[in-house]
Every structure is written in C-alpha cells, then in structure tokens.
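Per the numbering used here, the sequence shown starts with residue 10, numbered consecutively. The beta-carbon is built from N, C-alpha and C at its ideal position, and this holds for glycine as well. Below: the structure, in structure tokens.
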Amino acid sequence: MTDDTDKRVLYISAVYDEAEIEAVNRVLRSGKLGIGANVAEMERRVAELTGKRHGVMCNSGSSALYLAVELLGLEPGDEVITSPLTFSTDVAPLVRAGLVPVFVDVEPDTFNVDASRIEAAVSDKTKAILLP
Numbered sequence: 010m011t012d013d014t015d016k017r018v019l020y021i022s023a024v025y026d027e028a029e030i031e032a033v034n035r036v037l038r039s040g041k042l043g044i045g046a047n048v049a050e051m052e053r054r055v056a057e058l059t060g061k062r063h064g065v066m067c068n069s070g071s072s073a074l075y076l077a078v079e080l081l082g083l084e085p086g087d088e089v090i091t092s093p094l095t096f097s098t099d100v101a102p103l104v105r106a107g108l109v110p111v112f113v114d115v116e117p118d119t120f121n122v123d124a125s126r127i128e129a130a131v132s133d134k135t136k137a138i139l140l141p
C-alpha cells in the first residue's frame with residue numbers, strides 16, 4: 010500500500026534514447042548549433058502542421074512563451090487564466106506584459122488545471138487561457 014502523502018511531482022525527467030543522442034552528435038559535428046537544416050525543417054513542419062505560412066523556432070520554451078504572449082496583443086490589466094503548478098517562466102511573460110495571471114487549481118491525480126473550475130475564474134477582464 011502506498012501513502013498518498015508521499016506523492017512527488019517530478020518536473021524534469023529526461024526521456025531519450027540512442028536516436029536523440031545520435032541526433033545531438035550529428036548537430037554538434039555539423040558546427041551549426043543555432044541555424045541549420047534541422048531548424049529549417051522543424052519550422053517547415055510546424056508551419057505545415059498548423060496550416061500557417063511560417064513556423065518559428067525559439068531557443069527555449071520560455072522564449073516561445075514570451076513571443077506568443079507578445080503576439081496575442083493583449084492590453085495591460087487583461088487577465089489570463091493559468092495553472093499555479095508550473096515554472097515561473099510560464100508566468101513571467103504575462104507579468105512582463107502587464108497581464109494579470111489568474112490561477113485555477115489543478116486536479117490532484119493529473120496535475121492538470123481542473124477544467125470544472127475554469128468558468129468560475131472567468132471575468133470581464135479574462136482574455137486568454139494559458140495551459141502549460
């Protein structure tokens with residue numbers, strides 16, 4: 010029998026195998042760490058997947074969120090519903106843009122935002138939902 014009070018949430022758990030190791034080695038050997046064939050291919054595939062003309066690679070998920078928040082065109086004071094169970098880098102772009110994060114609690118079994126609580130968090134100022 011397990012003790013439910015001993016549940017731990019592991020934020021970072023590396024999952025990779027030889028295919029990823031070889032891909033990293035291939036990129037390192039190419040000398041093109043920032044822009045190269047892999048980046049161009051990924052941008053093309055993202056554009057295709059989303060039905061857009063362009064896809065944009067970022068150096069990190071944090072940078073991608075900063076870019077996405079800026080592109081939303083929200084106004085300072087607008088509210089964005091999000092999860093309290095996340096990294097600070099998920100909330101930082103909101104605060105930087107003058108937006109107000111509104112936290113909705115998570116389900117204890119999935120650690121995802123409890124969808125049944127979202128409607129109660131919506132106000133006249135709510136303009137977006139960010140679910141990391």
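Residue i versus residue j: straight-line alpha-carbon distance, rounded
i: A28; j: R35; result: 10 angstroms
i: L108; j: R38; result: 43 angstroms
i: V111; j: G40; result: 43 angstroms
i: E79; j: R53; result: 22 angstroms
i: Y25; j: E31; result: 11 angstroms
i: P141; j: A101; result: 13 angstroms
i: H63; j: V48; result: 12 angstroms
i: M10; j: D118; result: Legend: pLDDT at M10 = 48, less than 50; position of this residue unreliable, no value from coordinates given.
i: L83; j: L139; result: 13 angstroms
i: S154; j: I21; result: Only positions 10 to 141 of the chain appear in the structure, and residue 154 is not among them; the question remains open.
i: M51; j: K61; result: 13 angstroms
i: E57; j: V65; result: 12 angstroms
i: I127; j: T98; result: 22 angstroms
For residue i: DSSP bridge partner residues
i: F112; result: T91
i: L139; result: T91
i: V122; result: V115
First and last residue of the uninterrupted alpha helix (DSSP H) at residue i
i: L58; result: A46 to T59
i: E27; result: E27 to S39
i: G105; result: Sequence check: residue 105 is Arg here, not Gly. Note, R105: alpha helix (DSSP H), S97 to R105.
i: G70; result: G70 to L81
i: E128; result: I127 to A130
The region 122–133 / the region 78–94 touching (three or more Cβ pairs under 8 angstroms): yes
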